[in-house]
Amino acid sequence: MKKSISLSFLIISFFINVSFGQVKKAHPYLFFTRERIEILQKRIKTDTSIANNWQEVLKEADLALTRSDARNKVDYLSLAYLMTRDIKYADKVKEVLKTLCAKPTWSNAEMLARIPAWTSDLKTAEDCWTVAIGFDAIYDLLSKEERKVIVEGLVKNGIKPALNDWVMGNNRIHTLNSMGHNWWSACVGMAGVASLAIMTDYPEASEWVDKISVSFQEWHQFNGDELHFKPKTMDSKGGMYESINYAAFGISEYLFFRLAHQNTLPDKPQPVIEGLEKIADFFINASYPRDGMLYSLNFGDGHINTAGERPLKLLWALGYQNKRYLWYINQVAKFQHREGLFVNTPLGLVYHPDMSKIPAQPDLPASQIYEDIDWAMMRNSWEKNATMLGVKSGFTWNHSHADANSFILFHKGEPIIKDAGNSWYGSKEYPEYFFQSQAHNVVTFNGKAQPKEQQYNGSPLRGELSELMDAGKMKYLLANGTGPTSTVFSRNFRHFLWVDKVILIIDDVKAYETGKYEWLLHPGGESKKVGGDISITSKKSSVLVRPLFPETLVQTGFNHDFPEKMVLNELSGPKEEDVKSKETYYGFAYPEEIKQTKFITAIILKDSVNDMNLPQIERLKGENMQGVRIRHNGKITEVFLNLMADGRIMHLNTHNNLNGWETDAYLLGVSFPENKKTDKAEDVSDFFVGYGSYIRKDGQLLFNSLSKLFLISNRENGRQDLLLQGQPLINAEFFVSPKTGKFFLNHQEAKPALKDQKWQIHIGK
């Protein structure tokens, strides 16, 4: 009879395990697997760095033994036990688990007081993680009754509240449309890790794992929401709109689940999620390598120290192994932010890649645009302490601020023009200042840009970035912030044109009524007015910010003698790290009340604090034209803004003569040697066209297209590089010098069809 019962039990157990596509696996299997522990033990014997970091982990575990509450150190204690088999670490883990699972709830009072009550939040997710890690590590030391108590507590307080609130239809209160950001992945992902941990003791957990796995596919592919103004979860290139901080957190919570699933059920395929590897490149592209810790673009509720090395390490562990990930991981300093998988943390140590083949630089373009979330980055090099310009438009939602068209400039290792940052969400400074337009480098009208209500309602119309072009010494980006600011502006375009040591920012703004415009600047160092410039210096980094149009600053201190000049307003806002203290930022204010205007502002990049080899910049003015002339190192670059092309009359053509160049282009730039007395076409080394269909000079056709396009052309040493974009179908012609021997179109070598000394270009089908 006993044999019959035993046989029946074995058959039932086999059926349960096989029916869920798995073979029962011995603990630990989530992260600290036997294979990983063996690999780490071997590395400690041969790698001094790994050995030293292991000692740091062990020291932290020893300190945790003395704490009354060691919940946030269970991973240290668990790894210490598995590596040493010293029972004292396991006993401490057991103490934490039994205490947690004896509690009536893991939810906090504020969430439970909501209607309907939120029974699952980030705290319950954290406790799911803690219990899952500890339970998996000391499983063999637990009695049957102890396992039962822990599993039941984990299910009651952690897993079921998460499934009920976030996933299952019978009780669910949240949707991807409202809460499909980092909270969703954290609450659901950690419930998934916890479900994997108890599969050997709770058969229903297998169904939960499958449901969660499929649900994450929906989370990742969520395409946005018209009625609620919610952005899509992921950019098609791998970016996430919530800031580097929350992108790293939210994505990692899913990757933890995916890795635990892969370790636990290696033979069971997970849903295919296209483009996971692109996520890593987003963090790399948004990074700024420098001497010292790696910096990142800190738009929104991010922090400059935040990095994405945790998702990159998890992707590496999942098999997405590109060597540029090693480059990125190597740039991150230990504990430079709170949520990393640093090599001196338990999981960071166990999953630390072999770093013996780190590339010198990532094999990525210097500039990148994420058009679904409207972030862009332009840099002059991947070398440390280079110059990087980050620009954001896009959405205002949750952790994404009211910062359409704002920018951040890193130069010589420092954020020399910065984002004001953020503060504790409960502080009055966060909603009143840090989230709002005033905390960003934008243009305001009568002190306003985006409505304050967008913090709670989102922006119904997104801002957009487009037309990124990087030709090395010349780069361009178009930002359109009209949508998010449309309660104030009927036109709000910002153009970034980077020419050698000068970044020109051209703002084309129009309101519905007359009023006063102001150009906001947040310096990232010591700043002062020097003549017509604002000088900003931080350590080895220094730039000059020079307003050129609609007027310049007064060169002297006698503002009352020049009432037509720009007014420099010294404004103050709370400091990010200490909101009770104030810091200065600036407003370049035009003194007259007007309805429409153009700002042209030059940022001059200094090679050193005492750099005297600076470009000379002149203002150019003509009928229906504004412009600048830049002289530097034997080269002249002239940039013209065609005022006929600013959309003032819809159907009229925009033909203009810009210093001898006949064109309908909105923006035109030409570079030529300073020693040439005239700017003849054959002498021009660089052309830039922003939204134009033709260029003619002295009766000679140089560029022709039926539609207005964007282009940058560079001719040097017998090589012609042309970037041309703006329409899906392009038939164009472009002047080439007879001395040209090599041709490149949009970074690809081309064999041009030539006719009458013009390159006949066809793009599209």
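The opening position of the sequence shown corresponds to residue 1 in my numbering, with each subsequent residue numbered one higher.
A virtual CB, placed ideally from N, CA and C, is assigned to each residue, including glycine.
Since we're looking at a predicted model, the values are computed, not measured.
For this session: Below 8 angstroms on the Cβ atoms is my guess for Gly767 versus Glu583; work out the distance and round it to an integer in Å.
Result: Outside the modelled stretch of the chain, which goes from 1 to 765, sits residue 767, for which no answer is possible.
For this session: Compare the beta carbon distance of Tyr590 and Met566 with 9 angstroms and say whether it is the shorter of the two.
Result: yes
Problem set entry | Asp470 in three-state terms, based on DSSP | Residue state, collapsed to three classes: strand.
Exercise. Thinking just about the alpha-carbon of each residue, which of Gly525, Ser541, Gly557 and Tyr586 is nearest to the one in Pro547?
Worked result: Tyr586
Exercise. For the alpha helix (DSSP H) that contains Leu349, what are its first and last residues?
Worked result: Counting along the chain, the alpha helix (DSSP H) containing Leu349 begins and ends at Pro346 to Val350.
Exercise. Going by alpha carbons, who is nearest to Gln321 out of Val332, Ala280 and Thr306?
Worked result: Ala280
Problem set entry | Three-state secondary structure assigned by DSSP to Gly250 | helix
Exercise. In chain order, what residues of the same chain have a beta carbon less than 6 angstroms from the beta carbon of Gly21, not counting five sequence neighbours either side?
Worked result: Because Gly21 carries a pLDDT of 45, less than 50, the predicted location of this residue cannot be relied on, and the following value inherits that uncertainty. Correct list, in chain order: Lys268.
For this session: With a 10 Å radius around its C-beta and 16 neighbouring C-beta atoms as the bar for buried, classify Trp54 as buried or exposed.
Result: buried
Problem set entry | Continuous alpha helix (DSSP H) stretch holding Ala194: start and end | Boundaries of the alpha helix (DSSP H) around Ala194: Asn182 to Ala197.
Exercise. When DSSP labels each residue in this structure, what does Leu65 get in the three-state scheme?
Worked result: coil
Exercise. For the beta strand (DSSP E) that contains Lys42, what are its first and last residues?
Worked result: Per DSSP, Lys42 belongs to no beta strand (DSSP E); it is in the alpha helix (DSSP H), Arg34 to Thr46.
Problem set entry | Residue nearest to Phe493 in terms of C-alpha spacing, selected from Asn380, Phe672, Asp507 and Ile304 | Asp507
Problem set entry | Residue of Ser490, Met179, Leu709 and Ser685 minimising C-alpha distance to Lys739 | Ranking the options by Cα distance to Lys739, first place goes to Ser685.
Exercise. Are at least three pairs of beta-carbons, each pair with one atom in the stretch 80–91 and one in the stretch 136–151, less than 8 angstroms apart?
Worked result: yes
Exercise. Which residues bound the alpha helix (DSSP H) around Ile329?
Worked result: Lys323 to Gln331
Exercise. Can you name, in chain order, every residue of its own chain whose Cβ lies under 7 angstroms from the Cβ of Glu766, other than the five neighbours on each side?
Worked result: It is not possible to answer for residue 766, since the shown part of the chain is limited to 1 through 765.
Problem set entry | Beta-carbon spacing of Gly595, Gly515 below 9 angstroms | According to the sequence shown, residue 595 is Lys rather than Gly. Yes, they are a contact pair.
Exercise. So Tyr81 is in the alpha helix (DSSP H); what residue range does that whole segment cover?
Worked result: Val74 to Thr84
Problem set entry | Pairwise C-alpha distance: Pro451 and Thr482 | 12 angstroms
Exercise. Unbroken alpha helix (DSSP H) runs of length 4 or more, entirely within the stretch 413–487: which are they?
Worked result: Segments of the alpha helix (DSSP H) lying fully in the stretch 413–487: 454–457.
For this session: Can you check DSSP and say which residues form a bridge with Ala589?
Result: Beta-bridge partners assigned by DSSP to Ala589: Glu518 and Val567.
For this session: With a 10 Å radius around its C-beta and 16 neighbouring C-beta atoms as the bar for buried, classify Pro673 as buried or exposed.
Result: The residue is exposed, with fewer than 16 neighbouring Cβ atoms inside 10 Å.
Exercise. Three or more C-beta pairs closer than 8 angstroms, one from the stretch 201–220 and one from the stretch 285–292: is that the case here?
Worked result: no
Problem set entry | Integer-rounded CB distance, given that Glu551 should sit under 8 angstroms from Ala420 | With a Cβ gap of about 26 angstroms, Ala420 and Glu551 do not count as contacting.
For this session: Could you check if Gly557 is buried or exposed, using at least 16 other CB atoms within 10 Å of its CB as the buried criterion?
Result: exposed
Exercise. Would you say Ser490 and Lys510 are within 9 angstroms of each other, going by their C-beta atoms?
Worked result: yes
Problem set entry | Exposed unless 16 or more other CB atoms sit within 10 angstroms - verdict on Trp759 | buried
Exercise. Could you check where the beta strand (DSSP E) with Val391 kicks off and where it finishes?
Worked result: Thr387 to Lys392
Exercise. Under 9 angstroms between C-beta atoms, does Glu467 make it to chain C?
Worked result: Note that chain C does not occur in the displayed structure, where there is just one protein chain.
For this session: Return the chain-ordered list of same chain residues with a C-beta closer than 6 angstroms to the C-beta of Arg36, the five sequence neighbours on each side being excluded.
Result: Result list for Arg36: Val350, in chain order.
Exercise. Any contact of the stretch 401–411 with the stretch 258–278, i.e. 3+ C-beta pairs under 8 angstroms?
Worked result: no
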